[in-house]
Structure formats: structure tokens, C-alpha cells
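Some notes on the structure that comes next.
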Amino acid sequence: MFMHSNQIRGENNAKKNPLVTIVGTLPPVKGISPYCLELIKSISKKTNCEFIGFNNIYPEFLYPGGTKITDEKDEPISVENCVIKNILTYYNPFTWIWAGLTIKGNIIHLQWWAPVLAPIYWTIIAICKLRGMKTILTIHNVQPHERQYLNTFLNKSVLQLADHFIVHSSKNKDSLSQLYHIPEETISIIPHGILEPCNIRGVTKHEAREYLDLPKNGKALLFFGNIREYKGLDDLLYAFASVRNEISNLTLIIAGKPWENWEKYEKIIVRNNLQSNIVKKLDFIQLSEVEYYFAASDAVILPYKFFDSQSGVGALAIPYKKPLIITDTGGLPDFVKNDIAIAKPNNPKDLARVIVNCLSNRTLLEQLSKDSEEIALSYKWDAIAQKTIELYLIQAGHKLQRFYKSDVR
-17 MFMHSNQIRG ENNAKKNPLV TIVGTLPPVK GISPYCLELI KSISKKTNCE
33 FIGFNNIYPE FLYPGGTKIT DEKDEPISVE NCVIKNILTY YNPFTWIWAG
83 LTIKGNIIHL QWWAPVLAPI YWTIIAICKL RGMKTILTIH NVQPHERQYL
133 NTFLNKSVLQ LADHFIVHSS KNKDSLSQLY HIPEETISII PHGILEPCNI
183 RGVTKHEARE YLDLPKNGKA LLFFGNIREY KGLDDLLYAF ASVRNEISNL
233 TLIIAGKPWE NWEKYEKIIV RNNLQSNIVK KLDFIQLSEV EYYFAASDAV
283 ILPYKFFDSQ SGVGALAIPY KKPLIITDTG GLPDFVKNDI AIAKPNNPKD
333 LARVIVNCLS NRTLLEQLSK DSEEIALSYK WDAIAQKTIE LYLIQAGHKL
383 QRFYKSDVR
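Counting in the numbering used here, the sequence shown runs from -17 upward without gaps.
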């Protein structure tokens, strides 16, 4: 009715009633597509599943970073043991209703990250509850990045409908329980897995810097991802003005698309004469180029002012074995093992101190890199899938044990 023939893929051995239906986004649609793709790939190795995704997710004006990955090959994603239906469109409520009425999973697992999607999710969850289905929400942002009353209201409207919740850290669990008065026993902690947007090719630092036309010598610090107020780029620039005086030949790479007026950042750069030490790529970074930016850098920095989840950028940096310098907010500390790499949020002076301590100590940088490699092992998707499926079975009262492993051939 609402689906084109190329929107249903990957059926293979999937049965009419899979254990779970997962709702989220897949490439080329943005949102949380890398996370969702890794999740269904890992879940489908253990049980059959269904995925309901978006064809059009939001109006372009609401998402300055763009809603689709422009260099993604126009090839439908196929995952064995998973039926994929990208049928949802933000402007057509009939697709929301259709999804709610035709979802086949015994458990409905929805990824929740953007309040603007509240009408869509509210409709789907309400219909599924009328059908007697259990619903689980993975909360990627406990508080909306832009903290406005309307966003908080939309969050509450969806959260009140779910039966159970998944968050990525203990801090997220505490915040979710306190902010929305949700019983702790209905909240499970399952970490955010590491992300690899494409196969890591092993690009060397020399090759990466040559490709990006960066200085061959000296240290390079990477700020990666969409540029939004809460990510603290202004704090980083103020800190960098101080750090540059203590570490020679230092380059700051800013790679990401601004979600707001860039002018305020440019003023800080010019006022502190940082132009010669900063390389800017103020656009969405194509997947084919991501590795070059990480390979070229000596450390990745997340100077967030506030944050209520685990960072997708952090999960992306870990597979590249990059040292992370972070602020103590949300789930960011989960990505480091050494407190020396953690700065106070909203504090450029302390951020500068931590950057200098890390970048001026070669032995420490090597250890932080090894720490990232070890952390990557604890965030493997196979273990995440195992924990997630166990939660599905608990929520179903173990009545669906027959779906687990036995139906994947």
C-alpha cells in the first residue's frame, strides 16, 4: 500500500512473526543510521528480526546537516535474517499508522533521539500497545540537545507510553529516572557499540595528512562531527589559543557542518590570531574520507558543555585507536580509562591544561591509544546483541525463547 518494491529487503529466512521489530534509520538517511545498522546486523545473527525505517525523516530546514548521506551508493541495504521496510515519511501520517498496524515483531524496540519525531513514534507505540505488544525505547539523548520546553514536552509524551527503556550509561539511567520520574527497575543499561562507517583501510598518518593537505610535522587535534552549541567548540577555541603557546606546530582540525551561524566561532579564531593553526572543513564529511581525518590526528577531542548520552563521535574514534580528550559530562567518561584525559565542562582553562598534559607526553598518548583499543573490545556488538536479546526475552516473560538462535539457519 505504502511501500515500493525496493523497500522490502533481506527476507532470507525471516519468519512472519520475528522476535523483534526495530524502528530507526538506516543509510542513506541520517539520524542514528550507523548505530541502527550495527544493531540489526548483530541482532539478526542470533534471531530473526524486522526493521521499520524512514524514507524521509524531517524537513530539511530542521536539520542543517542534511537528512541524507549524499555519497552513499544507491544500493539497498540487505541484512540476512532481517526484513527491512523503509516506509515512514514525516509528512504522511498514513505511513505511521500503517507501520503500527503491520509491525510483526513480538517486541517493538524503538530508537529515540529526536523530539521532532514524537508524533510519528507516539502513533506507532499507541497502536502497538492496543495490539498488546511490549515496547522498548533506547534513549540516545535523555535530554534534547536544544533544551526548550517544547522538546521536553515532546520527550515526555513518548516516554510515558513505553514499557521499558535502554540507556547507554549509569549517568543516563539516573538522569532518565530523575527527570521523567521513571522507575529505575524499568531502565536497563546497555552500552553504545563502537561504530565503523566503512572498512578501516589502514591509512597512515603520512598518507592522511598528504591527502588532506595538512602539515606533515607537529601534532594535530581533531574536532569531528556536526557543530552544535552544546559541543563546546567555542570553549575549545579559547583553550586552543592558550595551548598553541605551549605546544609548537600544533594544528586543530575542525571537520563538520555548522548547525548554527559560524560567525561567532570565526570571530574567536580571528581575535586570537589562530588562522594559521586551524584547518576547517565546514561540511558533512563523506564516509570515504572519514578515515583520513582520524588517521591524520594525534588525538580526538570532545569538549562538550553538556551531554546526556554516549557520543557517536567517541564510538567512531575508538576503532581507530585514537586517544580521546573529553569533558566530564554524560557518558563521555566511559570512553576513557585515565582521568588525566578528562577536563571540566564549560572551563576553557582546565580544557587547555588537559590538552597540554596529553599532547606533550608521548608516553601518555601511546597509553591512551592502547586504552582506546582495550575499550573497543568491551563495546563489541556481539555482546550488546546478547544483552539486548536477553532483555527482549525478559520483557516477553521468556515466552519467546523459541525465537532465539533456533530460527536462524
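Just so it is clear, CB atoms sit at the ideal spot from N, CA and C, and this is done for glycine as well. Treat the numbers as computed from the prediction; the structure is a model and nothing was measured.
The count of Cβ pairs closer than 8 Å, one atom from the region 304 to 312 and one from the region 359 to 372, stays below three, leaving the stretches out of contact. At the C-beta level, I337 and L196 stay beyond 8 Å of one another. No Cβ-Cβ contact shorter than 8 Å links G35 with H150. R210 is classed as buried because its beta carbon has at least 16 other beta carbons within 10 Å across all chains shown. Residue environment analysis places D217 among the buried positions, since at least 16 neighbouring C-beta atoms fall within 10 angstroms of its C-beta.
Here G184 is exposed: its Cβ has fewer than 16 other Cβ atoms, across all protein chains shown, within 10 Å. Per DSSP, the beta-bridge partners of L203 are L234, A281. I171 is bridged by DSSP to V149.
In this structure, DSSP gives T186 a state outside helix and strand, which the three-state scheme calls coil.
In the three-state reduction of the DSSP assignment, F276 falls in the helix class, which pools H, G and I.
For R226, the closest of L21, N339, S60, R191 by C-alpha to C-alpha distance is N339. Counting C-beta atoms within 10 angstroms of its own C-beta, L19 has 16 or more neighbours from the protein chains shown and is therefore classed as buried. Annotation: the continuous beta strand (DSSP E) that includes Q93 extends over 89 to 94. For E32, the secondary structure class from DSSP, reduced to helix, strand or coil, is strand.
Within the DSSP bridge table, the entry for I324 names I308 as partners. In this structure, the alpha-carbon of V140 lies about 15 Å from that of S159. Its chain contains S159 as the residues whose beta carbon lies nearer than 8 Å to that of P165, once the 5 sequence neighbours on both sides are disregarded; these appear in chain order.
Contact check for F147 and I169: beta-carbon distance about 5 Å, within the 8 Å limit, so the pair qualifies.
Residue burial is scored here from C-beta neighbours: T345 has fewer than 16 other C-beta atoms within 10 angstroms and is therefore classed as exposed.
Relative to G207, the option among Y103, V272, F317 whose CA is nearest is V272. In this structure, the CA atom of N68 is about 18 Å from the CA atom of W95. Under the three-state reduction of DSSP, L70 is assigned to strand. Between K187 and A323, the C-beta gap is not smaller than 8 Å, which leaves the two residues out of contact.
When N88, E192, P301 are compared, the shortest CA-CA separation from A281 is found for P301.
Here P240 carries a strand assignment [DSSP, helix/strand/coil].
Secondary-structure assignment with DSSP links N38 through a beta bridge to T71.
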